[in-house]
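Have a look at the structure below before the remarks.
Shown next, in the form of structure tokens:
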């Protein structure tokens, strides 16, 4: 601390001396003065390899120090060192002017000569704080494969614009995921990739980010919103959201979690049950009018069949012609349906593949399992696998089977090793490529098993 006997001096303190890399350090600067100051300026901290955030506005109050009463101007900053090792916080400097007691006004002073102290002369003054040193610790080796988020607390939670687990076709709903971390700036918070689902139109909004600056530090808040409009009824499973972080109080890794859950999509309220399509049938045959015989003189009746056989024959011929035309149109429609690509099917598979890739990149085994089964349910709707073991039997490539087996082993024995998703992501990419090649060899007229 600088000379506290002066009329103006500075104290600079920190709330910790041995933080981790990227851990928040609160720097408090106090300017004490017991004389008026004019044209004063207080420097801001300038620390190498450190992110700096100011904590609110200056706070002014009075305090006793060394038997004297001072007016105090307090200013706080949050420091986030970005490199391990010794780190020096240079002195904070104040420059300004204070009354010069050695140079009274030329009229001899006194309240009668200068009642409002308008002729008081000032002298320049400059004072500085003592430098401070931090011993910044490196990230613990056990956290090398996890996102590094040193904080006092971290939570992740979701909310929906409607409260139940039931959605409805055609009704828009907004899902909001909020991350709140005390001791981290919003720039340090991870971005969450909210998955897309087949038969749901998704419209993500821009993230709302803010830093809540309080005297004891920063709380970073990130809020991501996505509007969803279901287009088909059914069930979807939202994968869990898991964020590992480092608790600086307990010196242990913890996890913030939104559990996986299943949502039911109900039909639209005005959507009646779709009746089965009527079986195509020939149009009704118009009845043949009975001809009126011309008036003739009575004659002896003949033993002939009359007109009924001919009318029946004409009706049968007309029915056969109509049936032939209907069958020809039906045969034309069948190849068209077979060769038309199912764009919705391809799009939904592509979205689920991207969800799986994102889970692998986050090295999240539970979320990867959920994404795998969601994709497999869409890929094999007639026989959806209910477990990773059943899924292995449906895969074609050996690397994909091996990596799914490795994921299953880790889920049952998570303490055995640290799971990384890169190998599974690569193996599944090869699986999809292999399946596309097989489909191309079978003919261009078939719908691909996997979208490009």
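In my numbering, the protein residues as written are 1 to 452. Beta carbons: idealized from backbone N, C-alpha and C, even for Gly.
From which residue to which residue does the beta strand (DSSP E) around residue 252 run? 252-258
By a C-beta neighbour count over all protein chains shown, 10 Å radius and 16 as the cutoff for buried, is residue 70 buried or exposed? buried
How many angstroms separate the CA atom of residue 7 from the CA atom of residue 34? 6 Å
Alpha-carbon to alpha-carbon, residue 87 and residue 395: 54 Å
With distances taken Cα to Cα, identify the nearest neighbour of residue 208 among 147, 218, 226. 226
Quick check: what's the CA-CA separation for residue 239 versus residue 46? 44 Å
What are the boundary residues of the alpha helix (DSSP H) that residue 375 is part of? 365-379
Mind checking which residues open and close the beta strand (DSSP E) that includes residue 234? 234-238
Under the three-state DSSP convention, the category residue 196 falls into: coil
Based on DSSP bridge pairs, tell me the residues matched to residue 41. 95
Can you give the Cα-Cα distance for residue 18 and residue 134, rounded to whole angstroms? 6 Å
Please report how far the alpha carbon of residue 325 lies from the alpha carbon of residue 163, in whole angstroms. 55 Å
Just verifying my parser: in three-state terms, what is the DSSP assignment at residue 248? coil
With 16 other Cβ atoms within 10 Å as the buried cut-off, status of residue 339: For residue 339, the predicted model reports a pLDDT of 37, less than 50, meaning its position is unreliable; a value from the coordinates is still stated below. With fewer than 16 other Cβ atoms within 10 Å, it is exposed.
Comparing alpha-carbon positions, which option in 202, 64, 223 lies nearest residue 72? 64
Could you check the C-alpha separation between residue 437 and residue 430 for me, to the nearest Å? 11 Å
Give the secondary structure of residue 206 by DSSP, where H, G and I count as helix, E and B as strand, and everything else as coil. coil
Going along the chain, which residues of its own chain have a beta-carbon closer than 8 Å to the beta-carbon of residue 359, five neighbours each way excluded? 239, 367, 368, 370, 371, 421
Just tell me which of 397, 167, 191, 53 has its CA closest to the CA of residue 237. 167
Could you tell me which residues DSSP pairs with residue 81 in its beta bridges? 50
Coil, strand or helix - residue 222 by DSSP: strand
Count the CB pairs spanning the segment 180-198 and the segment 138-146 that are closer than 8 Å, and state whether there are at least three. no
Use the C-beta contact count for residue 410: other C-beta atoms within 10 angstroms, 16 or more gives buried, fewer gives exposed. buried
Tell me, to the nearest whole angstrom, how far the beta carbon of residue 53 is from that of residue 30; I am working on the premise that it is less than 8 Å. About 19 Å; that fails the 8 Å criterion.
Would you report the Cα separation of residue 2 and residue 95, rounded to the nearest angstrom? For residue 2, the predicted structure reports a pLDDT of 45, less than 50, and the residue's modelled location is therefore unreliable. A value from the coordinates is still provided. Looking at the two C-alpha atoms, the distance is approximately 14 Å.
Can you confirm whether the segment 210-230 touches the segment 396-404 when touching is taken to mean that 3 or more C-beta pairs between the two stretches lie within less than 8 Å? no
Within this structure, are the beta carbons of residue 16 and residue 152 separated by less than 8 Å? no
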